[in-house]
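The opening residue of the sequence shown carries number 1 in UniProt numbering; numbering runs sequentially from there.
Note that the Cβ used here is the ideal one computed from N, Cα and C, for glycine as well.
One structure below.
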Amino acid sequence: MELEKFVDPMPIMKTAIPKKTSKDGDYYEIEMKEFSQKLHRDLNPTRLWGYDGQFPGPTIEVMRGKPARIKWMNNLPDTHFLPIDRSIHHVAHEPEVRTVVHLHGSETTPASDGYPEAWFTKDFAEVGSFFEQETYEYPNDQRAATLWYHDHAMGITRLNVYAGLSGLYIIRDPREEQLNLPKGEFDIPLLIQDRSFNDDGSLFYPAQPANPAPNLPNPSVLPFFVGDTILVNGKVWPYLQVEPRKYRFRILNGSNSRSYQLALDSEAPFYQIASDGGLLRRTVSLQAFDIRPAERIEVIIDFSKFEGQTITLKNNASTDATADVMQFQVVLPLSGEDTSIIPQNLSYIPSLQQNDVKRIRNLKISGTTDEYGRPLLLLNNKLWSDPVEEKPCLGTTEIWSFVNVTNVPHPMHIHLVQFQLLDHRAFNVELYNENGQIELVGPTIPPKINERGWKDTITAPAGQITRVIARFAPFSGYYVWHCHILEHEDYDMMRPFVVIDPKTEKERR
Ligand code: C2O
Ligand code: CU
Ligand code: CU
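Written out as structure tokens, the structure is:
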């Protein structure tokens, strides 16, 4: 289906309104519902699932240090409208429609983190084995950053997110406010997602291949899904009318599998100011940048010299229709002097020290095939249900080395922490596969200049070892780490880890 580009204005998600506010924090109730929404001028309304009945969900805006409590409520129908795969061993007998919400990038307790097996059904009638509480608590005790919330239910995350269950969560703080960055109506999120549609306007998502071996742990793997249509903030290839001034854009790649290389078809550069975990040390001027699933990149674009012009946000990773993302039309009159600035220096980021490291873990990312020739995607050759191996001690620093022996990059994500990228290094994959010995090849590849801030999701390129350093705090208990290609995550490229509190020595479960 060919949809005309740049015919719909880009919506901006509305801000969630707390049900109660007090000086101890805000309380929200957010309901997941089924509804239909028009995603393009020429498309029938599309059946979707969304938080508060919106796609994307409402933006939750909080100040650092002010906690938020959210009761996430599942009021979805009893059956899924996308093809679920009953052959995944650990979801074979679970209710079809299950949800759990994860706030990606947040420092929160295990009970509020959205553990995949903490799922719940309508009215909490049935819950997963890790379910602990109905109302989630977010301390918001971390620096200003663009986080996002999305579904994380075991084995069906790719379907629930694809159906519409994602939204933004913005933490602000006074320090960032002082910087005089573009704010208010000039601070705009761009949530980029790809979808495919059937002619009747419904979402298209492929059914799994028939399962010839129901007893296999991971029988029918769908390694990847990319849609042929790009949406920003829930509209297909929209346009945004802007004033000739500076804007801050909080860009999130909320796609299941697709990566983008974003660029503008004009001379205007991007000034990147923030990554996943908030402001960088210094502003970085870029002509193009990669953004993989779950990554956030915040940029300032200065439209002041482009009055009357139309600028297209391109995706240079594609050559088909998905090479376009959206359009900026610099047609609005200047509503007042632009006093915002693009500061050179943005924030202080301490470097995590390698001599504090308690433990280095080599974590293998591999793809293999089962006896039927189908792909199997694994971390450390383990299935989701295998016993926990990664058990950092509370408050200690570790280096996690992602050893990618597959031939594609994987965006690796660790819950609870913001980490720092140390480096990438090519290695001898064949030798490693033979006897597990790591032979490094070629030079150390330092982080790109825009990858030197806080990250929670990092690209682990094929044939390379990607080393990140993290301090596991401030909470202990069960979390997960996984590839954020949702099709990989659902098919076992996800593992639990547990932060151990040495005082209690307890692994809470
Ligand atoms: Cu954005 Cu574990 O997820
Ligand atoms: Cu996360
Ligand atoms: Cu992956």
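Q | Cβ-based neighbour list, P343, same chain, cut-off 7 Å, excluding 5 preceding and 5 following | A | L179 and T283
**OP:** From the DSSP output, in three-state form, read off L440 for me.
**Re:** strand
- Message: I'd like to check one pair, I399 with R361: are the Cβ atoms closer than 9 Å?
- Response: Closer than 9 Å, so yes.
Is the distance from the Cβ of F303 to the Cβ of A268 below 9 Å? Yes. Within cutoff.
| message | Let me check you understand the geometry: is the CB of A111 closer than 8 Å to at least one non-hydrogen atom of ligand 2? | response | A111: no, Cβ never under 8 Å from ligand 2.
Tell whether a beta-carbon distance below 9 Å holds between F472 and L379.
no
Exercise. If you measure from each residue's Cβ to the nearest non-hydrogen atom of ligand 2, which ones come out under 5 Å, in chain order?
Worked result: H104 and H415
Margin query: Can you tell me whether T406 is buried or exposed? The criterion is at least 16 other CB atoms within 10 Å of its CB, across all chains shown.
Written below: buried
- prompt: Do you know offhand how far S166's Cα is from I458's?
  reply: 20 Å
Exercise for review: Look at the alpha carbon of M1 and the alpha carbon of S259, and state the distance between them as a whole number of angstroms.
Suggested key: For the pair M1 and S259, the Cα-to-Cα distance works out to about 22 Å.
Are three or more beta carbon pairs between the segment 69 to 85 and the segment 19 to 33 nearer than 8 Å?
The answer is yes - the segment 19 to 33 touches the segment 69 to 85, with three or more Cβ pairs under 8 Å.
Practice item. Look at the Cβ atom of W481, then the Cβ atom of H415, and state whether they are nearer than 9 Å. Key: Against a cut-off of 9 Å, the Cβ pair of H415 and W481 comes out as a contact.
| task | Using three-state DSSP, classify F6 as helix, strand or coil. | result | The answer is coil: DSSP assigns F6 none of H, G, I, E or B.
- Item | Cβ separation of G278 and L43, assumed to be a contact under 8 Å, to the nearest whole Å | Not quite, the Cβ-Cβ distance comes to about 36 Å (not below 8 Å), so this is no contact.
**Request:** Have a look at F55, A125 and Y138 and flag the residue whose alpha-carbon is nearest the alpha-carbon of G114.
**Result:** Y138
Checklist entry - According to DSSP, what are the bridge partners of A263? => result Paired residues: A288 and K314.
>> For F197 and E337, I'd like the C-alpha separation in whole angstroms.
In response: 43 Å
Margin query: Measuring only the C-alpha atoms, how far is V161 from M63?
Written below: 26 Å
| request: Give the single residue among Q420, G477 and I365 whose Cα lies nearest to the Cα of P496. | output: G477
Notebook entry, point to check: Around ligand 3, what residues have a beta-carbon under 6 Å from a heavy atom of it, in chain order?
Noted result: H410, C483, I485, H488 and M493
- Query: Can you list, in chain order, the residues of its chain whose CB lies under 7 Å from that of M10, leaving out five sequence neighbours each side?
  - Reply: Within the same chain, M10 has close Cβ partners V232, N233, K235, P238, Y239, L240 and M326.
Open item on the list: Which residues does DSSP list as the beta-bridge partners of A68?
Closed with: D26 and Y138
Check your understanding: Just to confirm, does V498 get its C-beta within under 8 Å of one of the non-hydrogen atoms of ligand 1?
Key -> No, since every heavy atom of ligand 1 falls outside the 8 Å radius drawn around the Cβ of V498.
Q | Selected residue, minimal CA-CA separation from G254, among T397, K314 and A163 | A | The residue with the shortest Cα to Cα distance from G254 is A163.
Check your understanding: At a cut-off of 8 Å, is W148 close to ligand 4 when judged by its beta-carbon and the heavy atoms of the ligand?
Key -> Only ligand 1, ligand 2 and ligand 3 can be found as ligands here, which leaves ligand 4 out of the picture.
Next item on the list: Compute the Euclidean distance between the alpha carbons of Q287 and G105, then round it to the nearest angstrom.
Entry: 26 Å
query = Taking the C-alpha atoms as reference points, what is the distance between G57 and L440?
reply = Their Cα atoms are separated by approximately 45 Å.
Within 8 Å: the Cβ of H424 and any heavy atom of ligand 1? no
* Asked: With DSSP run on the structure shown, which of helix, strand or coil describes D490?
  -> helix
Alpha carbon to alpha carbon, what distance is there between D199 and D492?
33 Å
Notebook entry, point to check: Which runs of the beta strand (DSSP E) fall wholly inside the segment 97 to 153 and span at least 3 residues, in chain order?
Noted result: 101 to 104, 135 to 138 and 145 to 151
Among T135, Q54, I251 and G128, the one whose alpha carbon lies nearest that of P67: T135
Query raised in the report: Is any heavy atom of ligand 1 found at a distance shorter than 8 Å from the C-beta of V468?
Result: No, Cβ of V468 sits at least 8 Å from all heavy atoms of ligand 1.
Go ahead and label H410 buried or exposed: buried means 16 or more other beta carbons lie within 10 angstroms of its beta carbon, across all protein chains shown. buried
Report task. Taking all protein chains shown into account, decide if P212 is buried (16 or more other Cβ within 10 angstroms of its Cβ) or exposed. Result -> Low local confidence applies: a pLDDT of 41 at P212 is under 50, so the model's placement there is unreliable, with the coordinate-based value given in what follows. Under this definition P212 is an exposed residue.
Review point. Based on the DSSP secondary-structure assignment, which residues constitute the bridge partners of G167?
Key: Y149
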